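Asks:
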Amino acid sequence: MFNLDEVTNIKVENGSALAVHTRSGDVKGGYSKIEFSGDDNKLFDSKSNYEIKVYPNPVKSILYLVGADAETKFEIVSTIGKVVMNGTGESVNVSNLAKGQYVIKVDNKSVKFIKE
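Quick note: to get this note's numbering, add 125 to the position in the sequence shown (first position is 1).
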């Protein structure tokens, strides 16, 4: 096994295997092989499959992003489509926004919220 931060190169072999080169090169030739067979092994990005949830809604000052981390990028858009705020993090201080309805976008997902 290896840690992802040790990976330096990945190549596909025969359409059903990944050859992974690591910094340590512990295996012959410095590559580990990962075999795939049928539909039993599926790779997915867990972040791309999550649902965005925000609370509280309506919000007065701090809007929390459920499942986000410090590096999560967001964008807040007004009802007329203007980006009014963007940044990163698990929460957003929206106290400077005018009262009304907004959309927060994370990745390719959007959630409506109300600023009181």
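All C-beta atoms, glycine included, are put in the ideal place defined by N, C-alpha and C.
These figures come from a predicted structure and were not determined experimentally.
1) Do you know how far the Cα of K224 is from the Cα of K198?
2) Given the structure, does K240 come close to the ligand NAP, in the sense that its CB is under 7 angstroms from one of the ligand's heavy atoms?
3) Please report how far the alpha carbon of Q226 lies from the alpha carbon of V209, in whole angstroms.
4) Identify which residue in N233, G192, I177, E241 has its Cα closest to the Cα of N218.
5) So for G192, helix, strand or coil by DSSP?
Replies: Per the coordinate set shown:
1) Answer to the nearest angstrom: the Cα atoms are 23 angstroms apart.
2) The ligand content of the structure shown is nil, which means the ligand NAP is not present either.
3) When rounded, the distance between both Cα atoms is 12 angstroms.
4) Taking only the C-alpha atoms, the option nearest N218 is E241.
5) Secondary structure at G192: coil, using DSSP grouped into helix, strand and coil.
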